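When the letters of the sequence shown are read in order and numbered with full-length UniProt numbering, they come out as residues 1 to 523. Idealized CB from N, CA, C, for every residue including glycine. Fair warning: this is a prediction, and the values are worked out from it, not measured in the lab. Working notes, structure below.
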Amino acid sequence: MTLLTALLNGAVALSTAKIPAKRQSLIILILLLIASANSFLHLWFSEASEHTTNIFVTIIASGIVLSNRAHWTASILFNWVGWITISVWLELALIQHFFFAMAMSTLLSWFAHLARKKLVTKQIELEIERDLAIQHELEAKAATETKSAFLANMSHEIRTPMNGVIGMIELVSQTELNTDQKNYLATAKRSADSLLIIINDILDFSKIEVGELTIEFVEFDLEQFFEELIHDQHFHARKKGLTLALSKGDFHHKHVVGDPYRITQIMNNLLSNAIKFTESGGITVHYDLVTLGDNLQLKVEIKDTGIGVSETALPFLFDSFSQADTSTTRKFGGTGLGLSITKQLCELMNGDISVKSQLNQGSTFSFSVRLKPPRQTHKMASKPPVPVSFEGLQVLLVEDNEINQEVMLAILKGLDVNVFIANDGLEALATLSHSQRLKFDLILMDCQMPNLDGYEATRRIRAGEAGEIFSHIPIAALTANVMDSERVKCIEAGMNEYLTKPVEIEALKSVLVKYHKQAPAQH
Numbered sequence: 001m002t003l004l005t006a007l008l009n010g011a012v013a014l015s016t017a018k019i020p021a022k023r024q025s026l027i028i029l030i031l032l033l034i035a036s037a038n039s040f041l042h043l044w045f046s047e048a049s050e051h052t053t054n055i056f057v058t059i060i061a062s063g064i065v066l067s068n069r070a071h072w073t074a075s076i077l078f079n080w081v082g083w084i085t086i087s088v089w090l091e092l093a094l095i096q097h098f099f100f101a102m103a104m105s106t107l108l109s110w111f112a113h114l115a116r117k118k119l120v121t122k123q124i125e126l127e128i129e130r131d132l133a134i135q136h137e138l139e140a141k142a143a144t145e146t147k148s149a150f151l152a153n154m155s156h157e158i159r160t161p162m163n164g165v166i167g168m169i170e171l172v173s174q175t176e177l178n179t180d181q182k183n184y185l186a187t188a189k190r191s192a193d194s195l196l197i198i199i200n201d202i203l204d205f206s207k208i209e210v211g212e213l214t215i216e217f218v219e220f221d222l223e224q225f226f227e228e229l230i231h232d233q234h235f236h237a238r239k240k241g242l243t244l245a246l247s248k249g250d251f252h253h254k255h256v257v258g259d260p261y262r263i264t265q266i267m268n269n270l271l272s273n274a275i276k277f278t279e280s281g282g283i284t285v286h287y288d289l290v291t292l293g294d295n296l297q298l299k300v301e302i303k304d305t306g307i308g309v310s311e312t313a314l315p316f317l318f319d320s321f322s323q324a325d326t327s328t329t330r331k332f333g334g335t336g337l338g339l340s341i342t343k344q345l346c347e348l349m350n351g352d353i354s355v356k357s358q359l360n361q362g363s364t365f366s367f368s369v370r371l372k373p374p375r376q377t378h379k380m381a382s383k384p385p386v387p388v389s390f391e392g393l394q395v396l397l398v399e400d401n402e403i404n405q406e407v408m409l410a411i412l413k414g415l416d417v418n419v420f421i422a423n424d425g426l427e428a429l430a431t432l433s434h435s436q437r438l439k440f441d442l443i444l445m446d447c448q449m450p451n452l453d454g455y456e457a458t459r460r461i462r463a464g465e466a467g468e469i470f471s472h473i474p475i476a477a478l479t480a481n482v483m484d485s486e487r488v489k490c491i492e493a494g495m496n497e498y499l500t501k502p503v504e505i506e507a508l509k510s511v512l513v514k515y516h517k518q519a520p521a522q523h
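Written as structure tokens, this is what we have:
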């Protein structure tokens with residue numbers, strides 16, 4: 001009987017390869033059950049304790065067979081040893097033990113199969129989730145990079161013509177004008193400034209989204225800061241017949257360290273809204289400074305008697321592109337980005353903002369930002385004295401846009417600066433190379449130009465391609481791209497200064513005065 005069983009098993013094993021793949025699993029399972037039962041019988045009739053490990057080997061082999069068909073033959077041969085060694089005097093009365101062993105082996109093998117199947121399924125699910133997460137991360141990164149590139153391009157395309165508009169308005173305002181012409185020009189200037197504010201809001205919102213907006217730390221006079229800021233807003237308040245009052249708390253710090261530009265942006269957003277949405281009465285501004293350990297906290301409250309905000313609209317007031325309702329947008333205009341940007345700026349400066357309002361009874365906006373006490377390592381944000389004339393200063397203007405050339409040429413000549421113009425980077429290199437004994441004190445370099453852009457032109461100048469004498473010449477970037485990554489790109493290319501378009505005359509003067517002091521030493 002033993003021999004016949006062995007031969008039968010062998011015949012089945014040899015013929016399994018000829019059976020279709022769909023039925024091999026069933027045959028493998030049957031052979032497994034027989035082989036496992038043999039091991040249990042071997043254990044049953046063996047009195048030697050060393051044979052007790054046979055059952056564990058059987059269970060492990062069963063799992064191997066069900067998980068990997070390539071090992072089923074080895075497992076069956078292993079179990080045949082247990083069958084052949086069974087004594088010939090096997091009696092019919094022991095058949096019940098045979099079936100019991102078969103049942104136990106089947107149960108254990110099936111549990112092993114289910115456990116492995118569950119583990120494999122879970123592993124596949126985890127791998128799919130990981131691949132999807134990686135794919136989503138790459139897609140998000142690509143979308144962010146595409147968005148940044150689009151914003152940089154839009155910034156350049158919008159701000160470049162704005163440089164011409166605002167620059168020409170500034171130049172015309174310095175000529176002889178009658179009263180009507182001055183009023184027309186003032187209206188054009190305010191309209192251009194309003195458009196620039198909208199552009200800046202959109203770009204700032206996008207910079208915050210991609211994490212490019214940074215906070216600077218400079219020392220400034222807090223009391224002077226608020227007085228100048230309120231003074232600038234008085235015109236708009238008086239135009240609507242509104243009062244604008246300023247009060248301060250009882251504190252002793254005159255100078256603080258923080259980002260006055262971003263605080264100005266917050267204040268202008270809140271004050272312009274207060275004036276815009278108030279038809280009668282006025283606006284009051286109160287600020288205070290409290291000590292928080294080694295830091296200072298600026299607290300500001302702006303209260304108006306305007307139209308107020310309904311309770312249903314309050315929770316969404318600081319959301320992006322949100323306004324109280326569509327009628328507000330139609331009547332007062334605006335992008336709905338101002339308050340969203342204000343909130344995020346407060347949070348970037350470790351502060352917050354809140355509002356209390358009732359419909360038709362006015363609103364009170366309160367915000368706080370973290371400042372630092374003054375230290376010697378921080379520079380004052382006060383403006384250096386600017387000379388009336390920059391006579392003797394030699395500047396090379398590298399600009400491809402003819403309108404911007406005209407604007408910059410008029411501004412610089414109005415400051416008594418000697419100006420030479422190059423239309424692109426290649427012309428700039430040629431001008432420097434053939435300047436012979438003429439020494440320039442400063443280069444105003446546009447960044448995006450045909451033939452050779454400002455970045456590569458700067459790198460070549462620093463490499464000495466225009467002559468060793470100009471390899472260390474100061475270079476100020478002129479760019480319509482206001483993204484922080486653009487500033488980094490300019491500095492990495494070798495530029496010393498960074499001016500954005502539309503170019504502010506005061507910012508330009510600050511750069512000129514910095515290098516005007518060096519002019520006598522270079523000639």
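Measure the alpha-carbon distance for I302 versus L339 and round it to whole angstroms. As a first step, residue 302 must be located in the sequence shown, where it is residue number 302. As a first step, residue 339 must be located in the sequence shown, where it is residue number 339. Spanning the two alpha carbons is a distance of roughly 14 Å.
In chain order, which continuous runs of the beta strand (DSSP E) of length 3 or greater are located wholly inside the region 288-312? 295-304
F217 in three-state terms, based on DSSP: Reading the sequence shown from its first residue, position 217 is the one you call residue 217. F217: coil per DSSP, three-state reduction.
Alpha helix (DSSP H) containing residue 533: first to last residue? The chain is shown only over 1 to 523; residue 533 falls outside these bounds and no answer can be derived.
In whole angstroms, what is the alpha-carbon distance linking E402 and M408? As a first step, residue 402 is located in the sequence shown; it is residue number 402 there, counting from the start. As a first step, residue 408 is located in the sequence shown; it is residue number 408 there, counting from the start. E402 and M408: Cα-Cα distance of roughly 10 Å.
Below 6 Å CB to CB, which residues in the same chain sit around A457 once its five sequence neighbours on both sides are set aside? Within the sequence shown, the letter at position 457 stands for residue 457. Contacts found: G425 and A428.
Taking DSSP as the reference, what is the three-state secondary structure of D201? In the sequence shown, residue 201 corresponds to position 201, counting from 1. Of the three classes helix, strand and coil, the one that applies to D201 here is helix, per DSSP.
F226, enclosing alpha helix (DSSP H) - first and last residue: Position 226 of the sequence shown, counted from the start, is the residue given in the question as residue 226. Per DSSP, F226 belongs to the alpha helix (DSSP H) from L222 to K239.
What are the partner residues of D446, as DSSP defines its beta bridges? Position 446 of the sequence shown, counting from 1, holds the residue named residue 446. L478.
Tell me the rounded alpha-carbon separation between F318 and R130. Reading the sequence shown from its first residue, position 318 is the one you call residue 318. Reading the sequence shown from its first residue, position 130 is the one you call residue 130. If you take the alpha carbons of F318 and R130, they lie about 35 Å apart.
How big is the Cα-Cα spacing for P450 and A493? Counting from 1 along the sequence shown, the entry for residue 450 is found at position 450. Counting from 1 along the sequence shown, the entry for residue 493 is found at position 493. Going from the Cα of P450 to the Cα of A493 covers about 17 Å.
Using the DSSP secondary-structure output, state which residues sit across from R190 in a beta bridge. Translated into positions along the sequence shown, residue 190 becomes position 190. Answer is none; R190 lacks a bridge partner.
Taking the continuous beta strand (DSSP E) assigned at D352, which residues delimit it? The residue labelled residue 352 in the question sits at position 352 within the sequence shown. Segment D352 to Q358, the beta strand (DSSP E) holding D352.
Which partner residues does V398 have in the DSSP bridge list? To locate residue 398, count along the sequence shown from 1; it is residue 398. V398 pairs with A422 and M445.
Pick helix, strand or coil for K501, following the three-state DSSP scheme. Residue 501 sits at position 501 when you count from the first residue of the sequence shown. In this structure, K501 counts as coil in the three-state DSSP scheme.
In this structure, how does DSSP classify F367 when only helix, strand and coil are distinguished? For this step, residue 367 is matched to residue 367 along the sequence shown. The answer is strand: DSSP assigns F367 an E or B state.
DSSP has G258 in a bridge; who is on the other side? Here residue 258 is taken as the residue at index 258 of the sequence shown, counted from 1. Looking at the DSSP assignment, G258 forms a beta bridge with V218.
Per DSSP, T284 is paired with what? Residue 284 sits at position 284 when you count from the first residue of the sequence shown. Answer is A245 and K303, bridged to T284.
Count the C-beta pairs between the region 252-269 and the region 286-304 that are closer than 8 Å, then say yes if the count reaches three, no if not. yes
Cβ-based burial, H516 [other Cβ within 10 Å; buried from 16]: Stepping through the sequence shown from its first residue, residue 516 is reached at position 516. Buried: at least 16 other Cβ atoms inside 10 Å.
Assign K372 to one of three DSSP states: helix, strand, or coil. Taking the sequence shown and counting its residues from 1, the one referred to as residue 372 is at position 372. It is a strand residue.
For Q344 versus G308, is the C-beta distance shorter than 7 Å? Here residue 344 refers to the residue found at position 344 when the sequence shown is read from its first residue. Here residue 308 refers to the residue found at position 308 when the sequence shown is read from its first residue. Taking 7 Å as the Cβ cut-off, Q344 and G308 do not qualify as a contacting pair.
Can G282 and L314 be called in contact, C-beta distance under 7 Å? Residue numbering aside, residue 282 sits at position 282 when the sequence shown is read from its first letter. Residue numbering aside, residue 314 sits at position 314 when the sequence shown is read from its first letter. Cβ distance not < 7 Å, so G282 and L314 don't count as in contact.
Which residues in the same chain have their Cβ closer than 7 Å to the Cβ of T431, if we skip the five residues on either side of it in sequence? Numbered from its first residue, the sequence shown carries residue 431 at position 431. Correct list, in chain order: L396, F420 and A422.
Pull up the distance between the alpha-carbon of V417 and that of S389, whole angstroms please. As a working mapping, residue 417 is identified with position 417 in the sequence shown. As a working mapping, residue 389 is identified with position 389 in the sequence shown. C-alpha separation (whole angstroms): 8 Å.
Within the same chain, show all residues whose beta-carbon is closer than 8 Å to that of residue 543, passing over the 5 residues directly before and after it, in chain order. Outside the shown range of the chain (1 to 523) lies residue 543, about which nothing can therefore be said.
Which class does G362 belong to by DSSP, given the choice of helix, strand or coil? Mapped onto the sequence shown, residue 362 falls at position 362. If DSSP states are grouped into helix, strand and coil, G362 belongs with the strands.
Going by DSSP, what residue range makes up the alpha helix (DSSP H) through A492? As a working mapping, residue 492 is identified with position 492 in the sequence shown. Ala is not the amino acid found at residue 492; the sequence shown has Glu there. Taken as a continuous stretch (DSSP letters only), the alpha helix (DSSP H) holding E492 covers D484 to A493.
In the DSSP assignment, find the unbroken alpha helix (DSSP H) run with I461 in it and report its ends. Taking the first residue of the sequence shown as 1, we reach residue 461 at position 461. Unbroken alpha helix (DSSP H) run through I461: G454 to R462.
Just verifying my parser: in three-state terms, what is the DSSP assignment at A507? The count along the sequence shown starts at 1 and reaches residue 507 at position 507. Correct three-state label for A507: helix.
Should N68 be labelled buried (16 or more other beta-carbon atoms within 10 Å of its own) or exposed? Position 68 of the sequence shown, counted from the first residue, corresponds to residue 68. Low local confidence applies: a pLDDT of 48 at N68 is under 50, so the model's placement there is unreliable, with the coordinate-based value given in what follows. Exposed, since its Cβ has fewer than 16 Cβ neighbours within 10 Å.
Using the rule of at least 16 other Cβ atoms within 10 Å of the residue's Cβ for burial, across every protein chain shown, is S247 buried or exposed? Locating residue 247 in the sequence shown gives position 247, counting from the first residue. By the neighbour-count rule (16 or more Cβ atoms within 10 Å), S247 is not buried but exposed.
How many angstroms separate the CA atom of M483 from the CA atom of L393? The sequence position of residue 483 within the sequence shown is 483, counting from 1. The sequence position of residue 393 within the sequence shown is 393, counting from 1. Roughly 30 Å separates the two Cα atoms.
Do you know offhand how far S435's Cα is from K189's? Your numbering for residue 435 matches position 435 in the sequence shown. Your numbering for residue 189 matches position 189 in the sequence shown. Whole-angstrom Cα-Cα distance: 39 Å.
Taking the alpha helix (DSSP H) that K439 falls in, what are its first and last residues? Here residue 439 is taken as the residue at index 439 of the sequence shown, counted from 1. Careful: K439 lies outside any alpha helix (DSSP H) and carries neither H nor E.
Quick one: residues in its chain with C-beta nearer than 6 Å to the C-beta of K514, no 5 flanking neighbours on either side, listed in chain order? Taking the first residue of the sequence shown as 1, we reach residue 514 at position 514. Excluding positions up to five away in sequence, the list is empty.
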